[in-house]
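First the structure, in the form of structure tokens, and then the observations on it.
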Amino acid sequence: MEKSSESSYAFTLSNRLQNPIPREKILSAPYIDFEYNAELINELLNCIRIENSVIIVASNLLNGLDSMKKWFKSEYNYQPISEKLIKVNL
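Under our numbering, the first residue of the sequence shown is numbered 2, with each subsequent residue one higher.
Following this line, the structure appears as structure tokens:
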């Protein structure tokens, strides 16, 4: 754990106490896994599909961006994932 001020540490611990974490694991909970569950891992991995994904490409070299974020003035563009890319990944 990184060195921090006592007040910051106390604040962090008080926030953890608000979560459903066993009290004996309050100090270690963010740093360890509680239980390995292969079935749950596979279930979650099966939810990750190209059809429900967002691919982000960031570069100063991109052209043809037709939208701009209101607050940060960053340009962007939404495009559907091409059928060719979907077929390659299936």
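We put the beta carbon where it would ideally sit given N, CA and C, even for glycine. Quick caveat, the model's predicted, so the values are computed rather than measured.
Simplified DSSP state of Glu76, which is helix, strand or coil: Looking at Glu76 - three-state DSSP - the assignment turns out to be strand.
Simplified DSSP assignment, three categories, for Ser100: For residue 100 there is no data in the structure shown, the boundaries of the chain being 2 and 91.
Where Ser68 sits in the DSSP three-state scheme: Reduced to three states, the DSSP call for Ser68 is strand.
Hey, Leu14 and Ile27: beta-carbon distance below 8 Å or not? Note that the C-beta distance between Leu14 and Ile27 is below 8 Å.
Hey, out of Lys74, Leu18, Val58, Glu76, whose CA is closest to Ile82's CA? Val58
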